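Beneath this line is the structure, given in C-alpha cells, with notes to follow.
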Amino acid sequence: MSYTDISEIVLHGDKYAGTKVKVAGWVRTARDSKTMAFIALNDGTSLKHLQLVMDKSVLDADALSPCLKSGASVEAEGVVVPAAREGSGYELNVEEIALIGDCPSDYPLQKKRHTLEFLRTIPHLRVRTNIFNAMLRVRSKVSYALHRFFQERGYTYVHTPIITGSDCEGAGEIFRVTTNGYEDARVAKDEAEYIARDFFRRKAGLTVSGQLEGEVAAMAMGKIYTFGPTFRAENSNTPRHAAEFWQIEPEVAFAKLPDIIKVAESMIKFVINAVLEECPDEVDFFEKVCEPGLRAKLESVVASDFAVLDYTDAIELLKKADEKFAYPVEWGLDLQTEHERYLTEKVLGKPVFVTNYPKKIKSFYMKQNPDGRTVAATDLLVPGVGEIIGCSEREADYDKLLQAMTERGMNLDDYKGYMELRKYGSVPHSGFGLGLERILMYVTGIGNIRDVQLYSRTAGDLMA
Ligand code: 4AD
Ligand code: MG
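Position in the sequence shown (first residue = 1) + 1129 = the numbering used here.
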C-alpha cells in the first residue's frame, strides 16, 4: 500500500471515511494517556495536521512509545473516521504504527512557539513549523499563478542569463563573478591584466535583472516574461532587501506605459485571487499570526481599482503631510520607504502606481517624457511593504538612449546589442519587475523578507 497524502484526508475526508490508508510524516505534537495516545502528524502536504488516535490496548507498546516524540518520523496505517470532536474533520484510528526516524529530546522545535529571529538560526528545521509550511505553499501557489497568468495570455517564458557583463539598473550593486583568486590579484600589474587572467577575460557579474535580455527576446517574440533569481549587493540592512531574490519580469512589444500598467494591475489581482482560492487555510493562519484583517485586505484589493498618482503630485502631498519624515521631501529626490508607505497607507489606503519620476533618479533605459525632465516610469506601492513593482516604458529612440547612457558615463561597449535593438525595427515597448518576495510579504503579512525564503541571503549573513 502506498502512502496517502495527509492533505487528501484533511481536505477530502468524506471520500476516505471508512477506508484503510497508510500515511507517513513528522510528529508535530504527541499526547499520551493511560489508555490512549494521540499524535498530530504532518507530511508537508497541508497546513492542517492529521490526528492519529491510538488505543494502547491494541497496539504494541514497544512500537508505539518511540513514536510519541515531537520531530520523529513515523508511518501509520489505520481507518479514516470522523473526528470525535464534531467539526474537527477526520482522523485516523491507527491499527499499526512504526518509527521511521527517531528524534532525541534536544530537538529545537518543541511545543512552544518560537520567534522568527530564533528560527533564522535553524533554517534546516524552521521549514517544519506552521508558518514556513504555510509560506512555502503560498510561495509555490503564487509562482504557479504567475506562470498561469502569462501563459494564458500568450507570453513566452524565456530564461535570461544569470551571469552577465552589464549592469541593468546601473546602481553598481553587482556581485562579481570571477575565478581569480588572491594570487591573480597579487601578480597582475594592473586591473586590465587582472581581468585578462579571469575566466571570461572581462568583468562579469550576477544579474540584477533579466530586463535587458528580456527586451531582446521581446523584440522577436512580442510578449515574454522571465522568472528567476536576481542578485544585488545592496549593503542595506532592511526587512525588505535581500541579496538574492526572485523577479518576474514581463516585457511587451508595442506597449506603452498605460498598457503595461494594466498588465501589472491585472496580474496582481490574478495572483491574489489565486491565493484566496487555493490557500484559504493559509490566509486564515496568517490572519491569526501575522496580520489581522489580512483576508479583508486581499479581497478589497481584488475588488477595487488601484490608484495612479503623478510623482509631482505625490511630492505635493508629502510636503503637506501632517507627519515628520526622516528623509527630505523635494522634487527631484527619490521617495524613501517612509514616503511610499505614507502615500499608500495613509493617503490612499490601497495600492498606487506613482508615475513620471524625475529622470535623474531613474535608470538609463526609461523613456524620456516630452517635458525633458521626467521619464515614463512607475513604481507600484502597496500598504505595509512599499514598492513591489518597478515598471517603465523603454526608450525606443537610439539617439535619446545614447544620450542618457553617455550622461551617466556608461561603457557603451557593454550595451552594443541592446542599443542596436533601437536601430533594427525599433518599437515602443514596456515592462516591469515584480519582486516575488515583496508580493509574498504583502499576501502573508510576514514582515521580514528573511522569512519568505527557504534560505535568505543578506549583507553579513549567508544563512546556512
Ligand atoms: O525596481 P527594480 O530595481 O526594477 C528593475 O530591476 C527593472 N529592471 C525591472 C523591469 O522593468 N524589468 O526592481 C524590481 C522589483 C522591485 O520593485 C522590488 O519588488 C524587487 O524587484 N526588488 C527587491 N526585492 C528584494 N530585495 C531587493 N534587494 C530588491 N531590489 C528590488
Ligand atoms: Mg525600483
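Quick reminder that beta carbons are idealized off the backbone N, C-alpha and C, glycines included.
This one's a predicted model, so the numbers in the text were calculated from it and none came from an experiment.
Assuming Ser-1425 contacts Glu-1380 under a Cβ cut-off of 8 Å, what Cβ separation, rounded to an integer in Å, is found between them?
In the sequence as displayed, the identity of residue 1425 is Ala instead of Ser. No, Ala-1425 and Glu-1380 are not in contact; Cβ-Cβ is about 34 Å, not under 8 Å.
Please report the residue range of the alpha helix (DSSP H) in which Asp-1191 lies.
1190 to 1193
Close Cβ partners of Pro-1252 (< 6 Å) along its chain, the five nearest in sequence each way excluded
Tyr-1584, Met-1592
How should Trp-1460 be labelled, buried or exposed, when 16 other C-beta atoms within 10 angstroms of its C-beta is the threshold for buried?
exposed
Please write down, chain order preserved, every residue whose beta carbon lies under 6 Å from a heavy atom of ligand 2.
Asp-1508, Glu-1516, Gly-1519
Cβ shell of Glu-1394 (< 7 Å), same chain only, five flanking positions each side left out:
Phe-1435
Looking at the unbroken alpha helix (DSSP H) that takes in His-1558, where does it start and where does it end?
Here His-1558 belongs to no alpha helix (DSSP H); instead the beta strand (DSSP E) covers 1558 to 1564.
Flag Val-1345 as yes when its Cβ comes closer than 8 Å to any non-hydrogen atom of ligand 1, and as no otherwise.
no
What are the complete beta strand (DSSP E) segments, minimum 3 residues, inside the region 1447 to 1502?
1481 to 1484
Would you say the beta carbon of Arg-1470 is closer than 8 Å to some non-hydrogen atom of ligand 1?
no
Can you say whether His-1468 is buried or exposed, counting buried as having 16 or more other CB atoms within 10 angstroms of its CB?
buried
In angstroms, rounded to a whole number, what distance separates the CA positions of Ala-1443 and Val-1483?
8 Å
How about Ile-1226 and Glu-1206: are their beta carbons less than 9 Å apart?
yes
Any beta strand (DSSP E) of 3 or more consecutive residues that is wholly inside the region 1219 to 1251:
1219 to 1230
Less than 9 Å separating the beta-carbons of Val-1152 and Leu-1188?
no
Proximity winner among Asn-1498, Leu-1509, Ala-1349, Pro-1487, relative to Thr-1473 (alpha-carbon distances)
Leu-1509
Option in Lys-1479, Tyr-1471, Tyr-1527, Val-1511 with minimal Cα separation from Met-1495:
Tyr-1527
Between Arg-1523, Met-1396, Gly-1515, which has its C-alpha nearest His-1089's C-alpha?
Nothing about residue 1089 can be reported from this structure: the residues present for the chain run from 1130 to 1593 only.
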